[in-house]
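Student: One structure is given below, represented as C-alpha cells, and several questions about it will come after.
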Amino acid sequence: MVHSYRAHMALDHAIMASLAERPGTGYEIGRQFERSIGHFWSATHQQIYRTLKKLHVDGLVEFTSVVQDGRPDKKVYTLSDAGRDSLRRWIAEPTPLAPLRDDISVKIRAAEHGDVPGLLAQLREHRSLHVIRLRTYREFARHDYPDPDALTGRRLHQYLVLRGGIRMEEGLLDWCDEVIEGLQRELSTPPDHPSAPSNDDNTPSPASAGRPTS
-7 MVHSYRAHMA
3 LDHAIMASLA
13 ERPGTGYEIG
23 RQFERSIGHF
33 WSATHQQIYR
43 TLKKLHVDGL
53 VEFTSVVQDG
63 RPDKKVYTLS
73 DAGRDSLRRW
83 IAEPTPLAPL
93 RDDISVKIRA
103 AEHGDVPGLL
113 AQLREHRSLH
123 VIRLRTYREF
133 ARHDYPDPDA
143 LTGRRLHQYL
153 VLRGGIRMEE
163 GLLDWCDEVI
173 EGLQRELSTP
183 PDHPSAPSND
193 DNTPSPASAG
203 RPTS
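Sequential numbering of the sequence shown, starting at -7, is according to the numbering used here.
Rendered as C-alpha cells:
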C-alpha cells in the first residue's frame, strides 16, 4: 500500500511539474509525457485524466473551458497557487531510493534452473532496446541542448534529467555486455570442468573454515 500511494503522489506531482512549465489540456499533457516526462515517469492518458480530475477537486489545478467549433469544449489546465505551494513543499521533502524490481535480474539469478541460451537471447534483445534508447537520448541532447555549459534555469534542469537517462543507459549497456559475456563463458565450459563454487550465504569462507563455533 505504501508503494502504490507514493506512486500515485509522484504522478500527481509529475503532472503539476508539467503544468508549472506551461498550461495544457489533458491530451497535451499526455503528449508531453510521451515526448519527455514519460522517459522517467510513465503514465497512460487514462491515468493522467483521472489524476487531473482529482487535482482539480483538491484545488491544486484550475481549468478554463475553451469553445471549439463542431467539437466538445476543451479544458485547459493551469496550476493553482495552492498547487504551486504543494509542488514547492514536495520538492523540499526527502526522497528515498525507489524500490527496485527487475525481472531480468531475477531470471539471471535463477538461470541454473532454466534455459540459459534462451536467457541469452532475452539479454541480447534487452541490449538492443537499450542501444535504441541511448541513441534517442543522445539525439535529444545533441538537438535540444547543443551548448550545455550555457544552460540555466528550467533548460538546465531538463538537461540534467536527460543526462541522468544517458548515464543510466550507458551503465545498463555495459552491464548487459558483462552478463552476456559471463553466460557465454559458462556455456562454453565443458560439463566435467565446472566453475568454482560461489561463496554464497551457506558456504563458509576460507577465513572462517575450521573456526570453532561459540
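By construction, the Cβ of each residue, glycine as well, lies at the ideal position given by its N, Cα and C atoms. Since we're looking at a predicted model, the values are computed, not measured.
Out of curiosity, what's the CA-to-CA distance linking residue 110 and residue 101?
Tutor: Locating residue 110 in the sequence shown gives position 118, counting from the first residue. Locating residue 101 in the sequence shown gives position 109, counting from the first residue. Cα-Cα distance, rounded: 14 Å.
Student: Enumerate in chain order the residues of its own chain whose CB-to-CB distance from residue 59 is below 6 Å, with the five nearest sequence positions on each side excluded.
Tutor: On the sequence shown, position 67 is the one that residue 59 refers to. 65.
Student: Using the rule of at least 16 other Cβ atoms within 10 Å of the residue's Cβ for burial, across every protein chain shown, is residue 5 buried or exposed?
Tutor: Translated into positions along the sequence shown, residue 5 becomes position 13. Residue 5 is buried by the Cβ-count criterion.
Student: Tell me the DSSP secondary structure of residue 92 in three-state form.
Tutor: Here residue 92 is taken as the residue at index 100 of the sequence shown, counted from 1. Looking at residue 92 - three-state DSSP - the assignment turns out to be coil, as it is neither helix nor strand.
Student: Which class does residue 85 belong to by DSSP, given the choice of helix, strand or coil?
Tutor: Here residue 85 refers to the residue found at position 93 of the sequence shown. Residue 85 falls in the coil class under three-state DSSP.
Student: Could you tell me whether the stretch 156 to 164 touches the stretch 122 to 139, where touching means 3 or more Cβ pairs closer than 8 Å?
Tutor: yes
Student: Is the beta carbon of residue 36 sitting closer than 8 Å to the one on residue 69?
Tutor: One-based indexing of the sequence shown puts residue 36 at position 44. One-based indexing of the sequence shown puts residue 69 at position 77. Not in contact: residue 36 and residue 69 (Cβ atoms no closer than 8 Å).
Student: Look up residue 14 in the DSSP assignment and say whether it is helix, strand or coil.
Tutor: Position 22 of the sequence shown, counting from 1, holds the residue named residue 14. Residue 14: coil per DSSP, three-state reduction.
Student: Could you please give the first and the last residue of the uninterrupted alpha helix (DSSP H) stretch that includes residue 132?
Tutor: For this step, residue 132 is matched to residue 140 along the sequence shown. Counting along the chain, the alpha helix (DSSP H) containing residue 132 begins and ends at 108 to 136.
Student: Once DSSP output is grouped into helix, strand and coil, what is the label at residue 32?
Tutor: On the sequence shown, residue 32 is found 40 positions in, with the first residue counted as 1. DSSP, reduced to helix, strand and coil, places residue 32 outside both helices and strands of the structure shown, so it counts as coil.
Student: Determine the extent of the alpha helix (DSSP H) in which residue 180 is found, giving its start and end residues.
Tutor: Indexing the sequence shown from 1 puts residue 180 at position 188. First-last of the alpha helix (DSSP H) with residue 180: 145 to 180.
Student: Report the residue from 75, 145, 86 whose alpha carbon sits nearest the alpha carbon of residue 12.
Tutor: Position 20 of the sequence shown, counted from the start, is the residue given in the question as residue 12. The shortest Cα separation from residue 12 among 75, 145, 86 belongs to 75.
Student: Roughly how many angstroms lie between the CA atoms of residue 147 and residue 48, to the nearest whole one?
Tutor: In the sequence shown, the residue the question calls residue 147 occupies position 155. In the sequence shown, the residue the question calls residue 48 occupies position 56. Spanning the two alpha carbons is a distance of roughly 28 Å.
Student: Check this for me: beta carbons of residue 132 and residue 154, under 8 Å apart or not?
Tutor: The count along the sequence shown starts at 1 and reaches residue 132 at position 140. The count along the sequence shown starts at 1 and reaches residue 154 at position 162. Yes.
Student: Start and end of the beta strand (DSSP E) containing residue 52?
Tutor: Looking up residue 52 in the sequence shown gives position 60. DSSP places residue 52 outside any beta strand (DSSP E), giving it a letter other than H or E.
Student: On the DSSP letters alone, give me the boundaries of the beta strand (DSSP E) that residue 65 sits inside.
Tutor: Position 73 of the sequence shown holds residue 65. Residue 65 -> beta strand (DSSP E) spans 63 to 71.
Student: Go through its chain and collect everything with a Cβ distance to residue 43's Cβ below 7 Å, but skip five positions before and after it.
Tutor: Counting from one through the sequence shown, the residue named residue 43 turns up at place 51. Excluding sequence neighbours, residue 43 sits near 3, 4, 7.
Student: Just grab the DSSP bridge partners of residue 60 for me.
Tutor: Here residue 60 is taken as the residue at index 68 of the sequence shown, counted from 1. DSSP links residue 60 through a beta bridge to 63.
Student: Answer yes or no: do residue 71 and residue 53 have a C-beta to C-beta separation smaller than 8 Å?
Tutor: Taking the sequence shown and counting its residues from 1, one reaches residue 71 at position 79. Taking the sequence shown and counting its residues from 1, one reaches residue 53 at position 61. Yes, the pair counts as a contact, with Cβ atoms nearer than the cut-off.
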